[in-house]
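Just so you know, the numbering used here puts 144 at position 144 of the sequence shown, and the rest follows in order with no gaps.
Structure first, commentary second.
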Amino acid sequence: MAKEGPIWALGAMSGTSLDGVDAAMILTDGVTIDSFGPSAFRPYSPTEQDTLRAALGQWPGDPGVAAAAEVVENAHAEVLSRFTGAEVLGFHGQTLAHDPGDLGTHQCGNGALLAQVLDLPTVWDFRSADVTMGGQGAPLAPFYHFALARRIGATEPVA
């Protein structure tokens, strides 16, 4: 996918609060946010929250991980299918276990499955590569905050 200029990027995130899936689109060239697009939220049901909660602290192959992954994939597919015009998807997955100094990090959810369901090029498993390279598993946050600060013309610290 080679394209000059900005593209519509669709991103999704489900946090450790287990409240649900947030999704939003931005028009970006990868450095600058040109425009904010639509956003949506899909809450997890109490049953889905229980399934996810039961898998917290679990690693691939542990009990409950497959059921949690199914919840994450279905919820993401549902909310992301509401969007049109996206050219790429960024999929975070759901953090189940995180130990960057020793065991690594585990986010459940299959980005390849979402790519197929949504018919979108999908970037996923950001955290694992960051931890492997010595990071703490939050590789996108600094770049996003930089782009936001740049958008408002900030020249001084904003926090």
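Don't be surprised by glycine CBs; every beta carbon is placed ideally from N, CA and C.
Is it buried or exposed, residue i, if we count other Cβ atoms within 10 angstroms and call 16 or more buried?
i    : result
L148 : exposed
A68  : buried
S81  : exposed
T132 : exposed
F126 : buried
T105 : buried
In this structure, how does DSSP classify residue i when only helix, strand and coil are distinguished?
i    : result
P100 : coil
G153 : coil
G111 : helix
Q49  : helix
A159 : coil
Is the CB-CB distance between residue i and residue j below 8 Å?
i    : j    : result
P121 : V72  : no
Q107 : L118 : no
G93  : G109 : yes
R23  : A12  : Sequence check: residue 23 is Ala here, not Arg. A contact, by the Cβ cut-off of 8 Å.
G20  : Y44  : yes
P38  : F83  : yes
R150 : T32  : yes
I26  : F41  : no
Rounded to whole angstroms, how far is the Cβ of residue i from the Cβ of residue j, which I believe are closer than 8 Å?
i   : j   : result
L18 : Q49 : 5 Å
Does any C-beta atom of chain D lie closer than 8 Å to the C-beta of residue i?
i   : result
S45 : Here chain D cannot be found, since the structure has a single protein chain.
The ligand ADP and residue i: does the residue's C-beta get closer than 7 Å to at least one heavy atom of that ligand?
i    : result
T132 : You won't find the ligand ADP in this model; it holds no ligand whatsoever.
I want to know whether the region 1-10 touches the region 58-65 - three or more CB-CB distances under 8 Å.
no
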